[in-house]
Each structure stands twice: as structure tokens, then as C-alpha cells.
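Reviewing the structure listed below.
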Amino acid sequence: MGRSARAPGRPARAARRRPAPDVRRHAITLVLLAFAPPLLLLLSASLRPPGLPPPAAGGLWPEHLSAESYRRAVELGGLGRAALNSLLVCAVAVPVSVLVAAAAGFAMTRLPRRGARLLVLLSLVALMVPGTALLVPRFALYRALHLTDTLVPLMLPALIATSPLYPLVYWVALRGVPADLYDAARLAGLGPVRTWWSVALPAVRPVTIALATFTFVLTWSNVLDPLLYVYDRDRATLPLALRSLATLDPTDHPVFLAGAVLATAPAVAAFALAQWLMRTRYGSPERTPR
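Taking full-length UniProt numbering, the leading residue of the sequence shown gets 1, the next gets one more, and so forth.
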């Protein structure tokens with residue numbers, strides 16, 4: 001009788017909890033609606049014919065759509081070559097940064113508690129150091145190594161995982177991996193490297209996707225480092241080429257905004273791809289079986 005008396009209460013409690021996913025969905029929709037207008041304004045202004053002034057109130061969407069601004073942006077700003085340079089930098093920096101961060105985070109989980117705490121403290125101290133404080137030492141080092149005016153200085157930060165935060169994120173995630181998996185790998189004769197690659201990394205794939213996305217966006221949109229280390233136009237990255245495009249004719253807003261759309265689209269696509277992978281490969285909280 002006791003079980004039958006409690007059983008009807010469970011669906012009622014579950015029913016009361018069901019609106020929570022809807023609330024989250026509505027909250028996400030509101031956030032998207034807040035960020036959508038600037039993107040729509042950017043897109044609509046880039047589709048105006050070149051040479052036109054910014055649209056007045058009430059005429060946000062052009063009457064005659066034109067892709068001429070995109071063609072002129074690519075030709076005048078050299079955005080095609082710059083995009084290839086940015087892709088090359090990201091193709092090297094993103095995987096190296098993720099692998100270094102994952103290896104460092106895994107190594108921290110293998111350390112004694114006192115050693116791990118010390119590394120966490122050092123990482124937090126490194127996070128507090130302003131990036132601008134390292135510009136002069138880094139420039140002097142790259143210049144002494146004859147690496148200026150190349151793409152190498154844009155890739156080298158990946159050797160330290162781009163940010164001290166990334167190893168900490170992996171450390172927290174890998175601490176949640178069940179110890180039984182590591183014990184099974186040890187019994188199977190796997191060494192530390194094989195255990196890291198075959199056991200630890202597959203267990204934290206969502207973290208890898210998230211950090212890879214953030215690293216790509218940060219590397220793709222980096223304008224300060226190319227401005228300091230790259231001088232030849234043929235080696236310019238896309239943000240640097242976009243900055244040069246803005247100085248050619250500051251009054252030609254459609255051309256500059258067309259270049260901004262081309263520079264923004266890959267970052268938006270990266271976030272969309274990461275979201276799709278999260279939902280299709282690993283599901284969402286609403287889809288988890290009861």
C-alpha cells in the first residue's frame with residue numbers, strides 16, 4: 001500500500017519539473033534575440049551598393065540587394081589571401097593548444113594533491129598577469145630569433161595552451177573520470193600516454209569541443225599579435241586585412257561591413273558546429289533517459 005500510495009506522486013513531481021527545459025529554452029531565445037539585431041544590421045548594410053552612406057532610420061533593409069561590396073572588399077583588402085593565412089594559423093594553433101592543455105590537465109590529475117594544488121595556484125597567478133605586460137618580452141624574444149614578419153609568432157602561444165585557464169578546465173574535467181577506467185587501462189598494460197589518448201581524452205570530448213571552439217575564435221579574431229609581428233601584406237591575417245580595408249576609404253561603409261561579415265562568418269559557423277556536435281553526439285539534458 002505504501003508503494004502504491006507514493007507512486008502517483010512521482011508523475012506529479014515530474015510534471016512540475018517539466019517546465020524547466022521550456023524556461024531555459026525561452027531564456028536562450030531571448031538572448032539570441034538580443035544578439036540578432038546587430039548581426040542583421042551588419043548583413044543588411046553589407047548588401048547595399050558600394051559608396052552609399054549608412055541607412056537612415058526606417059530604411060534598414062536595402063531596396064536593391066547587391067553583392068558588389070563583397071567583391072570589392074575581397075579585391076581591395078586582399079581578404080582571400082588573408083583568410084588563407086588565418087586558416088593556416090588556426091589549423092596549427094588550435095590542435096596544438098588543445099593537445100597541450102589536455103596533456104597538462106591529465107598530468108595534473110596524476111600528481112599528488114599538494115603538487116596539483118601548487119600548479120593550480122601558479123596557473124591562477126598566471127591568469128592574473130595582464131597580456132600587455134608580456135608584449136615587450138615576447139617581441140624581444142621573437143626578434144632575437146628572427147621570427148618577426150612571419151606567422152610563427154601567431155602559432156607559438158599554442159605551445160603553452162594559449163591560456164593558463166585551459167589546463168585547469170581539463171584538470172577539473174578529468175578529475176571526474178571514474179578511477180575504474182584508469183585501473184582497467186593499467187591492467188591492460190597501457191602506459192601514461194596511451195591512457196591519456198585512449199581513455200582520458202574520449203571521456204571529455206565535450207570539453208575538447210568547447211575549448212577547440214574558443215581557441216579557434218580567439219585565434220581567428222586576434223588582431224594585436226599580427227599588428228605587432230607581421231609587416232608584409234602577403235602575410236597579413238584576416239583581422240589585420242580588415243583593419244587595413246577600413247583605412248582605405250573610411251566613408252565606404254558597405255565595403256567595410258562586407259569585409260566584417262566575411263570575417264565574422266567563420267566564428268559564427270564554429271559556434272554553430274560546436275552546438276550541433278553537442279546536441280547530436282552527446283544529447284541535451286532534456287533527452288537524457290529517465
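The beta-carbon is built from N, C-alpha and C at its ideal position, and this holds for glycine as well.
Exercise for the section: Inspect the CB distances between the segment 207–221 and the segment 162–171 and report whether three or more fall short of 8 Å. Expected result: yes
Problem - DSSP state of residue 77 mapped onto helix, strand, coil - result: helix
Practice task
Could you check what DSSP says for residue 71 in three-state terms: helix, strand or coil?
Solution key: helix
Practice task
Say whether the segment 221–236 touches the segment 145–159, bearing in mind that this needs 3 or more beta-carbon pairs closer than 8 Å, one atom from each stretch.
Solution key: yes
Problem - Contact belief for residue 267 with residue 221 at Cβ below 8 Å, rounded distance in angstroms - result: 6 Å
Exercise for the section: List the endpoints of the continuous alpha helix (DSSP H) containing residue 209. Expected result: 205–220
Problem - Coil, strand or helix - residue 280 by DSSP - result: helix
Handout entry: Between the CA atoms of residue 105 and residue 79 - distance to the nearest angstrom
Key = 37 Å
Handout entry: Rounded separation between residue 4 and residue 204 - CA only
Key = Note that residue 4 scores 45 on pLDDT, short of 50, meaning its location in the model is unreliable; the coordinates nonetheless yield the value given after this. Taking the straight line from one Cα to the other gives about 41 Å.
Exercise for the section: For the alpha helix (DSSP H) holding residue 225, just list the boundary residues, first then last. Expected result: 224–229
Problem - Contact under 8 Å by Cβ, residue 97 with residue 158 - result: yes
Handout entry: Rounded distance between the beta-carbons of residue 52 and residue 254, thought under 8 Å
Key = 6 Å
Problem - Beta-carbon proximity check, residue 209 vs residue 277, cutoff 8 Å - result: yes
Problem - Whole-angstrom C-beta distance between residue 240 and residue 82, which should lie under 8 Å - result: 7 Å
Exercise for the section: Can you grab the Cα-Cα spacing for the pair residue 183 / residue 196, in whole Å? Expected result: 13 Å
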